[in-house]
Amino acid sequence: MNARVARALDAVTAERAENALLSVRGLTVRFRLRGGRTVAAVTDADFDLAAGECLALVGESGCGKSVLASALLGLLPANAETSGTALTDGTDLLAADEKTLARSVRGRRVGLVPQSPAAHLTPVRTVRAHLEETVRALTDTPRAGRRKAAEDAADRAAFPATHLDAYPHELSGGLAQRAATALALIGDAPLLLADEPTTGLDRDLVERTADELRRHTDDGRGLLLITHDLTAAARIADRVAVMYAGRIVEIAPAHRFFGTTGPAHPYARGLLDALPDRAFTPIPGMPPELSDLPEGCAFAARCPRATDLCATVPALRAGVACHHPERPRA
Amino acid sequence: MLELDAVTAGYTPREPVFRGASLTLAPGESVGLLGPSGCGKSTLARVAALLHRPDAGRLVLDGTEVTAWRHRAPREQRTAVGVVFQQPRTAADPRLSLADLIAEPLRATGRKAEAAARVAELAPAVGLTPELLTRRPHAVSDGQLQRACLARALSLRPRWLVCDEMTAMLDASTTAALVAAVESYRRETGAGLLAVGHDRVLLNRWCDRTVEWKDCLRTPGA
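As you go down the protein sequences, you meet chains L and Y in turn.
Sequential numbering from 20 applies to the first sequence in our numbering.
Sequential numbering from 166 applies to the second sequence in our numbering.
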């Protein structure tokens, strides 16, 4: 790549970072295990997220995408070591202390739509109690207005008022998901983080949940959608980031990624080709252990295009981290 | 032939999840059963796998009517059906290594001597490395654990395989790999398959035919 193109790309990245709601640079997470082993869960993640934009972070289970989400909310266990920056509205989420995170970040700047809403809700309390408690904790609503505020919050997430007095076990998967989304929206956080919000839901519900998240994005929020469901990502994402073995290996506009051009990284291609409405062929082999990553490109062992060059880790350039990116499909 | 005839089943007396569900699989046939969550398709799959005693109706397995379920079922019938569940975590004993997990059905049927050879045969078929086989469930990913659960279901060489949302929580590549492993086993043995799920695209691609849950409830001739 010549210097001029590289400069132009850097300028685009800088411009994106300036307008970004969330700007992540060099995010790295390491877990120290007993016996001196280290798990490289996330390595050098760079991305930006703008208001009104949905960025889908996709990859197979265990690739580090949920760890990345937990790092942004300061929810990692004690043996995690984090470096890099994640700026949102002047605050570095990775450097903030627990007090700042608890009082001004979680729920207020970053709303979390959790993976399994049924486990996220307290089983002995009604949905209304959850909502009113969250209203009390996150907003200045006077006591008399909390009931109304809770009902409004439920309405925003399309949770039916008839079920407000239901307990979590009385809700279907779809309703539990909406209750959790309603809670995430109460603090009016500009950034929504959805961690596998559609796992275990049937196709109709996946589509409905995804469309609702898209609606909240169109209201001007930024949405980081973490998912292994490529169909859901294709439905609502503006951009797609593919993660493999802890690294972001490709970031591309969704229409190009899922369209006729297709992804440039061989792993991303393999992932799409595994879909039942495409070739339905698995990528050979399995991802490497995050505690025992190879020296060079982590995908080389499974890659049909690997050469000697792949003994060094490729840098993310023009949205793809590969020594042999695929040319666009004709 | 696997015949489910007018099966009524549920978990509360007199309040069945569904009434009169029928489904017939020809020998070696693969059938996808499609339905929304909560409709009862998993309960029907459990009946077919001899894991849940129906309130009414018949299950005929290769010409023999099933009269006893779960541990009461005769071993010959019980081992004719292999089953893979949606959640590998809750379907795996956390104390066992993956190798022991795969060998468990052989041990339980007094064929421990064959275990090592059978595990060595199954592991590469489902894509597990020797190193992974020594680990316990907490040290592997969902996808890797589900591979072991599939190997366990195949360990007794069942004539029928019941896959209840086997891939619902897995990524595209692992899904394709598991389906390929099932299909290669079926090509080799001629086993039949009942795949339950809600992913129409997947089941249409995978199975010989797909059946809608609501069509199972329509009694023929009624």
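For every residue, glycine included, the Cβ atom is placed at its ideal position computed from N, Cα and C.
Treat the numbers as computed from the prediction; the structure is a model and nothing was measured.
CB contact below 8 Å: residue i versus chain L
i, result
"residue 334 (chain Y)", "yes"
"residue 263 (chain Y)", "no"
"residue 306 (chain Y)", "yes"
"residue 339 (chain Y)", "yes"
"residue 345 (chain Y)", "yes"
"residue 227 (chain Y)", "no"
"residue 342 (chain Y)", "yes"
"residue 237 (chain Y)", "no"
"residue 218 (chain Y)", "no"
"residue 387 (chain Y)", "Since pLDDT at residue 387 (chain Y) reaches only 43, below the 50 mark, its modelled position is unreliable, and the value read off the structure follows with that caveat. It does not; no Cβ of chain L falls within 8 Å."
Partners in chain L for residue i, counting only beta-carbon separations shorter than 9 Å
i, result
"residue 201 (chain Y)", "221, 222, 223, 224"
"residue 390 (chain Y)", "Outside the shown range of chain Y, which is 166 to 387, sits residue 390 (chain Y), and nothing can be said about it."
Other residues of its chain near residue i: CB distance less than 8 Å, five sequence neighbours each side excluded
i, result
"residue 250 (chain Y)", "256, 314, 329, 330, 331"
"residue 257 (chain L)", "72, 73, 74, 272, 273"
"residue 288 (chain L)", "281, 282, 345"
"residue 375 (chain Y)", "196, 197, 198, 199, 365, 368, 369"
"residue 227 (chain Y)", "166, 167, 192, 245, 324"
Contact with chain Y by residue i, beta-carbon distance below 8 Å
i, result
"residue 295 (chain L)", "yes"
"residue 302 (chain L)", "yes"
"residue 190 (chain L)", "no"
"residue 126 (chain L)", "no"
"residue 278 (chain L)", "no"
"residue 341 (chain L)", "no"
Residues that residue i contacts on chain L, provided the C-beta gap is smaller than 7 Å
i, result
"residue 367 (chain Y)", "295"
"residue 364 (chain Y)", "222"
Sequence-distant residues of its chain with Cβ nearer than 7 Å to residue i (five each side left out)
i, result
"residue 378 (chain Y)", "198, 199, 200, 204, 206"
"residue 315 (chain L)", "329, 330, 331, 332"
"residue 85 (chain L)", "214, 245"
"residue 105 (chain L)", "41, 43, 46, 91, 111, 112, 113"
"residue 297 (chain L)", "291"
"residue 201 (chain L)", "150, 172, 173, 175, 176, 178"
9 Å Cβ cut-off: residues of chain Y touching residue i
i, result
"residue 57 (chain L)", "Neighbours of residue 57 (chain L) on chain Y: none; closest Cβ ~15 Å, over 9 Å."
"residue 81 (chain L)", "305, 306, 307, 308, 309"
"residue 249 (chain L)", "336, 337"
Contacts of residue i in chain Y (Cβ-Cβ under 7 Å)
i, result
"residue 218 (chain L)", "334"
"residue 312 (chain L)", "Going along chain Y, no residue has its Cβ under 7 Å from residue 312 (chain L), so there is no contact; the nearest lies around 15 Å."
Neighbour list for residue i in chain Y, Cβ cutoff strictly below 8 Å
i, result
"residue 235 (chain L)", "None at all; the shortest Cβ gap to chain Y is about 23 Å."
"residue 290 (chain L)", "336, 337, 338"
Integer Cβ distance of residue i from residue j, believed to fall under 8 Å
i, j, result
"residue 258 (chain Y)", "residue 266 (chain Y)", "7 Å"
"residue 189 (chain L)", "residue 169 (chain L)", "The pair is not a contact, with the Cβ atoms about 18 Å apart (cut-off 8 Å)."
"residue 346 (chain Y)", "residue 291 (chain Y)", "5 Å"
"residue 312 (chain Y)", "residue 298 (chain Y)", "Contact doesn't hold; Cβ gap of about 11 Å is too wide."
Own chain partners of residue i with C-beta closer than 6 Å, once the 5 adjacent residues on each side are dropped
i, result
"residue 18 (chain L)", "An answer regarding residue 18 (chain L) cannot be provided, because it is not within the stretch 20 to 349 covered by chain L."
"residue 275 (chain L)", "none"
"residue 188 (chain Y)", "169, 381"
Chain-ordered chain L contacts of residue i [CB-CB under 8 Å]
i, result
"residue 370 (chain Y)", "295, 296, 299"
Exercise. Could you name each continuous alpha helix (DSSP H) segment of 4 residues or more that falls completely within the segment 141-219 of chain L, going from the start of the chain to the end?
Key: Secondary structure within the segment 141-219 of chain L: the alpha helix (DSSP H) runs of 4 or more consecutive residues, fully enclosed, are 146-157, 165-175, 192-205 (chain order).
Quiz item: Curious, which full-length alpha helix (DSSP H) runs of at least 4 residues does the segment 265-292 of chain Y contain?
Solution: DSSP runs (the alpha helix (DSSP H)) wholly in the segment 265-292 of chain Y: 277-291.
Quiz prompt | 3 or more residues per run - each beta strand (DSSP E) lying fully within the segment 292-351 of chain Y | solution = Entirely contained in the segment 292-351 of chain Y, the beta strand (DSSP E) runs reaching 3 residues are, in chain order, 325-329.
Quiz prompt | Every unbroken beta strand (DSSP E) within the segment 83-143 of chain L, with a cutoff of 3 residues, ordered by chain | solution = Whole beta strand (DSSP E) segments, 3+ residues: 99-107, 129-132.
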